[in-house]
Every structure is written in C-alpha cells, then in structure tokens.
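Number of protein chains: 2
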Amino acid sequence: MNDCIFCQIRDGKIQAKFFYQDEDVMVFPDIHPRAKTHLLIVPKKHIPEFIFVEDENLREKLFHTVQQIINQAGLKDNRYQIRINGGGLQDVDHLHIHLLGPITAA
Amino acid sequence: MNDCIFCQIRDGKIQAKFFYQDEDVMVFPDIHPRAKTHLLIVPKKHIPEFIFVEDENLREKLFHTVQQIINQAGLKDNRYQIRINGGGLQDVDHLHIHLLGPITAA
Numbered sequence: 000m001n002d003c004i005f006c007q008i009r010d011g012k013i014q015a016k017f018f019y020q021d022e023d024v025m026v027f028p029d030i031h032p033r034a035k036t037h038l039l040i041v042p043k044k045h046i047p048e049f050i051f052v053e054d055e056n057l058r059e060k061l062f063h064t065v066q067q068i069i070n071q072a073g074l075k076d077n078r079y080q081i082r083i084n085g086g087g088l089q090d091v092d093h094l095h096i097h098l099l100g101p102i103t104a105a
Numbered sequence: 000m001n002d003c004i005f006c007q008i009r010d011g012k013i014q015a016k017f018f019y020q021d022e023d024v025m026v027f028p029d030i031h032p033r034a035k036t037h038l039l040i041v042p043k044k045h046i047p048e049f050i051f052v053e054d055e056n057l058r059e060k061l062f063h064t065v066q067q068i069i070n071q072a073g074l075k076d077n078r079y080q081i082r083i084n085g086g087g088l089q090d091v092d093h094l095h096i097h098l099l100g101p102i103t104a105a
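Chains as they are written, first to last, in numbering that gives the first Met the number 0: chain A, 0 to 105; chain B, 0 to 105.
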C-alpha cells in the first residue's frame with residue numbers, strides 16, 4: 000500500500016488541496032485536469048478498482064458524495080461527466096471517480 | 000413521460016434487446032455503440048438525471064448492477080469505462096449509465 004499515491008495523499012505524505020473529505024471519502028483535483036473543473040472522488044480505504052467495492056454502504060456513500068460535489072462545484076447545470084476507468088484502463092490502482100465539467104464535446 | 004424513449008423501452012412500446020432487467024433496473028445496448036460492448040444501465044423509474052437519484056437504495060442498486068454487468072459482459076479485465084453525463088450534456092433526459100469496453104485510448 001505504501002507505494003499508492005492516493006494512500007499517501009490520504010496519509011498526508013503527499014500534499015493535495017482537498018475539496019472535501021470525511022471519514023470515508025476524499026475529494027481533490029486531478030493533477031492533469033481535462034476540464035475547467037476536474038475532481039477525483041476517492042475512497043480513503045485502498046480499493047484497487049470499482050468492481051472491488053463490496054461494502055454497500057460505501058458504494059452508496061461514494062455516489063451520494065459525487066452528487067453533493069456536483070452541486071458544490073457548481074456543475075449541476077454545467078455539462079458534467081462522471082467517469083470511472085477499470086480493467087486495466089485506470090492510471091492509478093486505487094479507485095477514483097472522475098468528475099469533469101463543463102465538457103464542450105460529448 | 001410518454002415522449003421519453005427509455006420509458007417507452009421500459010413499457011415495451013419500443014423494442015430493445017435487454018441484456019438484463021429486474022423490477023428496478025434495465026440494461027440494453029446503446030444504439031450508437033462507441034466500443035465493442037456499449038451497454039446502458041437505466042433505472043426503470045423516470046429520473047431525469049444523476050443528481051436527482053434521491054432514493055439511497057436505488058443509488059446503491061444502480062451501481063451494484065453496474066458491477067455485476069461488468070462481470071457478466073466480460074469486461075472485468077478488459078479496459079472498461081463507466082460514464083454518466085448530466086447538466087445538459089446527456090442526450091436523453093432519463094438517467095442512463097454508459098458502460099463501454101474495451102477502450103483503446105483513455
């Protein structure tokens with residue numbers, strides 16, 4: 000786990016500008032933004048990818064948090080996209096949900 | 000609601016080849032596929048977009064279904080992407096979660 004960049008952010012070993020955090024979830028900007036707003040919603044627990052979220056409370060919490068962040072980030076009416084990569088497509092093996100907007104082309 | 004294409008699919012007024020369905024959720028292919036596999040995971044209830052999912056059980060159910068479909072569609076190790084568009088970016092105003100794979104470029 001020590002090599003995981005998101006675990007290191009969680010543990011304060013790598014600095015990140017948190018947009019939001021609580022006991023389960025942390026939200027911070029993608030370091031390579033692909034839109035004016037590009038946030039990552041990340042479980043604090045090291046879960047390698049989406050299909051390994053087995054706790055239904057965490058699953059619910061993650062997506063409820065995404066809904067709240069859409070509102071807080073001013074993306075509600077602003078052409079947002081949620082993206083989750085998996086099965087080898089992801090760039091970091093610690094689940095992260097991309098929230099981007101506004102998207103100019105779908 | 001009668002003009003909604005996904006409500007019409009739900010009600011059998013428009014034909015679709017269901018990959019899966021139960022009392023809450025239906026899954027069928029996108030008619031304009033952007034990958035070899037391109038499925039839509041859709042709540043049967045007419046919910047205009049992601050931020051309007053207020054029922055926590057449905058929120059949990061939707062994403063649990065996505066996990067199951069990833070496995071059933073053979074995408075688990077196959078560079079999949081989940082996408083949700085909202086805030087005016089969506090093409091149909093009835094929530095649908097895109098599941099695509101394999102994606103050749105992130």
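Every residue gets a Cβ at the ideal spot worked out from N, C-alpha and C, and that includes glycine. The structure displayed is predicted, hence computed values, not measured ones.
Just confirm the distance between the C-beta atoms of residue i and residue j, as a whole number of angstroms; I'd bet it's less than 8 Å.
i     : j     : result
A/L99 : A/R82 : 7 Å
B/Q7  : B/E48 : So it is not a contact: roughly 18 Å between Cβ atoms.
B/T64 : B/V91 : The Cβ separation is near 18 Å, so there is no contact.
Alpha carbon to alpha carbon, how far is residue i from residue j?
i      : j     : result
B/I69  : A/I50 : 8 Å
A/P28  : A/T36 : 8 Å
B/K44  : A/D2  : 43 Å
A/N84  : A/H97 : 9 Å
A/I30  : A/L39 : 10 Å
B/I102 : B/G87 : 24 Å
A/P106 : A/D10 : Shown here, chain A extends from 0 to 105; a query on residue 106 of chain A therefore has no answer.
B/E59  : A/R58 : 6 Å
B/Q20  : A/K12 : 45 Å
Does any residue of chain A have a CB that is nearer than 7 Å to the CB of residue i?
i     : result
B/F5  : no
B/E55 : yes
Does residue i come within less than 7 Å of chain B when only Cβ atoms are used?
i     : result
A/R58 : yes
A/F62 : yes
A/Q67 : no
A/E48 : no
Segment contact flag, the segment 5-20 of chain B with the segment 47-61 of chain B, C-beta cutoff 8 Å, min 3 pairs: no
Contact the segment 67-77 of chain A vs the segment 66-84 of chain B: 3+ CB pairs below 8 Å: no
Near-chain A residues of the segment 71-101 of chain B - C-beta to any C-beta below 8 Å: L74, K75, D76, N77, R78, Y79, Q80, I81, R82, I83, N84, G85, G86, G87, L88, D90, G100 and P101
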